[in-house]
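This report concerns only the one structure given below.
What follows is the structure, encoded as structure tokens:
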């Protein structure tokens with residue numbers, strides 16, 4: 003699982019906003035409480051899956067996640083309602099001295115932010131004092147993949163028989179080509195395709 007998580011994290015790119023993020027003035031009434039227990043969604047009041055907007059310090063629920071507590075999605079709505087001007091938010095429960103989950107609404111993806119510590123410090127949050135209390139998006143995704151019951155979409159528990167007959171010969175699977183193979187094999191069952199592209203003796207060829 004550790005290798006899978008690292009593989010996912012290696013694909014996360016630096017945000018285009020890391021060096022040019024606009025942050026509003028950190029007035030006293032804008033700064034979040036230094037007490038984590040006071041952090042809650044400004045819309046519904048829940049205290050899990052909270053996302054902190056690095057531009058204006060708004061705290062809101064993220065979108066619903068598999069394996070996570072029900073959320074109202076206020077953080078995303080806030081981005082839309084403020085003219086889509088404040089693009090970066092960090093998941094508070096994932097904050098630790100090494101960073102945390104950062105979502106770019108503008109880039110519509112998880113991103114890295116080399117200036118995260120600086121952006122949090124602007125609002126009085128010391129990243130070196132933060133401890134992770136929730137699973138990251140990557141951890142939740144890996145968990146979902148591991149927990150998914152593939153028996154729901156395959157013939158789980160059923161004894162299958164290999165079939166080899168006319169028009170039932172597929173392509174060799176390279177490990178990641180099964181979807182393409184399925185699509186191609188379905189297309190090649192269409193009479194229009196067979197009549198146009200197959201030689202007259204195609205049924206004999208398929209059995210060779």
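Numbering (our numbering), first residue to last: 3 to 210.
Just so you know, even glycine gets a beta-carbon here, dropped at the ideal spot from N, CA and C.
Cross-strand partners of residue i (DSSP beta bridge)
i: residue 106; result: 90, 111
i: residue 52; result: 63
i: residue 101; result: 98
i: residue 16; result: 114
Between the CA atoms of residue j and residue i - distance to the nearest angstrom
i: residue 2; j: residue 13; result: Residue 2 falls outside the range modelled here, since the chain spans only 3 to 210, and no answer is possible.
i: residue 34; j: residue 117; result: 19 angstroms
i: residue 1; j: residue 137; result: Limits of the chain in this structure are 3 at one end and 210 at the other, which puts residue 1 out of reach.
i: residue 210; j: residue 188; result: Caution applies to residue 210, whose pLDDT of 48 falls short of 50 and renders its modelled position unreliable; the value that the coordinates give is listed next. In a straight line, the C-alpha of residue 210 is about 20 angstroms away from that of residue 188.
i: residue 113; j: residue 27; result: 24 angstroms
i: residue 44; j: residue 86; result: 18 angstroms
i: residue 108; j: residue 19; result: 9 angstroms
i: residue 2; j: residue 141; result: Given that the chain is displayed from residue 3 to residue 210, the structure contains no residue 2 and the question cannot be resolved.
i: residue 185; j: residue 163; result: 21 angstroms
i: residue 200; j: residue 181; result: 22 angstroms
i: residue 80; j: residue 61; result: 9 angstroms
i: residue 63; j: residue 119; result: 22 angstroms
i: residue 65; j: residue 135; result: 18 angstroms
i: residue 21; j: residue 144; result: 30 angstroms
i: residue 191; j: residue 129; result: 59 angstroms
i: residue 39; j: residue 183; result: 52 angstroms
i: residue 161; j: residue 194; result: 34 angstroms
i: residue 102; j: residue 173; result: 43 angstroms
i: residue 15; j: residue 198; result: 46 angstroms
i: residue 50; j: residue 41; result: 9 angstroms
i: residue 106; j: residue 36; result: 25 angstroms
i: residue 100; j: residue 139; result: 16 angstroms
i: residue 25; j: residue 96; result: 21 angstroms
i: residue 111; j: residue 59; result: 20 angstroms
i: residue 88; j: residue 127; result: 18 angstroms
CB-CB length for residue i against residue j, believed under 8 angstroms
i: residue 73; j: residue 32; result: Contact doesn't hold; Cβ gap of about 23 angstroms is too wide.
CB contact flag (residue i, residue j, <8 angstroms)
i: residue 132; j: residue 98; result: yes
i: residue 92; j: residue 125; result: no
i: residue 94; j: residue 57; result: no
i: residue 104; j: residue 122; result: no
i: residue 179; j: residue 115; result: no
i: residue 46; j: residue 76; result: yes
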